[in-house]
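Engineer: Quick mapping for you: the protein sequence lines, in order, are chains U and A.
Mapping the first sequence onto my numbering, position 35 (from 1) lands on 476, and the numbers just tick up by one.
Mapping the second sequence onto my numbering, position 28 (from 1) lands on 10, and the numbers just tick up by one.
For every residue, glycine included, the Cβ atom is placed at its ideal position computed from N, Cα and C.
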Amino acid sequence: DVKVTQSSRYLVKRTGEKVFLECVQDMDHENMFWYRQDPGLGLRLIYFSYDVKMKEKGDIPEGYSVSREKKERFSLILESASTNQTSMYLCASRTPSRKAGSSYEQYFGPGTRLTVT
Amino acid sequence: QKEVEQNSGPLSVPEGAIASLNCTYSDRVSQSFFWYRQYSGKSPELIMSIYSNGDKEDGRFTAQLNKASQYVSLLIRDSQPSDSATYLCAVNTPGYSTLTFGKGTMLLVSP
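1. Does Pro(-4)/A come out as helix, strand or coil in the three-state DSSP assignment?
2. Below 8 Å on C-beta distance, what does Gly86/A contact in chain U?
3. If the cut is a Cβ gap below 9 Å, which residues of chain A does Pro551/U touch?
4. Check for me: the beta strand (DSSP E) holding Val11/A runs from which residue to which?
5. What does Gln547/U touch in chain A if you count any residue whose Cβ is under 8 Å from its own?
6. Looking only at DSSP bridge pairs, what is Asn(-11)/A linked to?
7. Have a look at Met468/U and Arg485/U and give me their C-alpha separation to the nearest angstrom.
8. Going by Cα to Cα distance, which pick from Lys24/A, Met30/A, Phe15/A, Lys(-16)/A is closest to Ser8/A?
9. Just curious, the beta strand (DSSP E) that Met88/A is in, first and last residue?
10. Sort Thr558/U, Thr524/U, Ser506/U, Ser534/U by Cα distance to Gly552/U and report the nearest one.
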């Protein structure tokens, strides 16, 4: 079974703090993703990575950065946390397209509920 | 722009009934389709994937795909209160690196 883990389930930070959210997957997936989810807005893609040290902006990258130094680990960084970044943050990883029968299946971690005060 | 549309619900069904959840997508060349279940406060869980026209059954769940109508659905037979959750539809389109998600349909199964 695919396992995606996130470093914290709940996190409370103060405005202006630098925040690190860590995500690790154990299936050797190339593609990893960071989303935030807010009521009424659905899942919104922040950043994704398709290989080590490679990253692409998603729909809402402002105020965030990412790091992928190892294949299994994808980190989301809030450079200076603000109250409008209070949200549920979801990491995901995805099977490659070449894997027959399960192409593009994407698996989520348990999520981190971040509160910025 | 790629779009995936779902009725937000809530869809209310009595225990034991069939729940039918629907999803339409805008890009005709989309090839892979997924259903996720998300309980309140939890992360989405992949429950079904479908790649070809027709039906795919897994236990009480059946996914149905009609590419000509750009329509994918999820049927839940013998609905249980534990099926109460939000169901997200997701679509993969060739040439795009990411899935496109609908906003989800809330399902409520009453005892």
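Structural biologist: Here's the rundown:
1. Strand, per DSSP.
2. Chain U residues near Gly86/A: Gly483.
3. In chain order: Lys24, Ser25.
4. Counting along the chain, Val11/A falls outside any beta strand (DSSP E), and DSSP gives it neither H nor E.
5. Listed along the chain, the chain A residues whose CB falls inside 8 Å of the CB of Gln547/U are Phe16, Leu28, Ala72, Leu81.
6. Per DSSP, Asn(-11)/A has no beta bridge partner at all.
7. For Met468/U and Arg485/U, the distance between alpha carbons rounds to 24 Å.
8. Checked all of Lys24/A, Met30/A, Phe15/A, Lys(-16)/A; the closest Cα to Ser8/A is Lys(-16)/A.
9. It spans 87 to 92 - the beta strand (DSSP E) in which Met88/A sits, taken as one unbroken run.
10. Per the Cα distances, Ser534/U.
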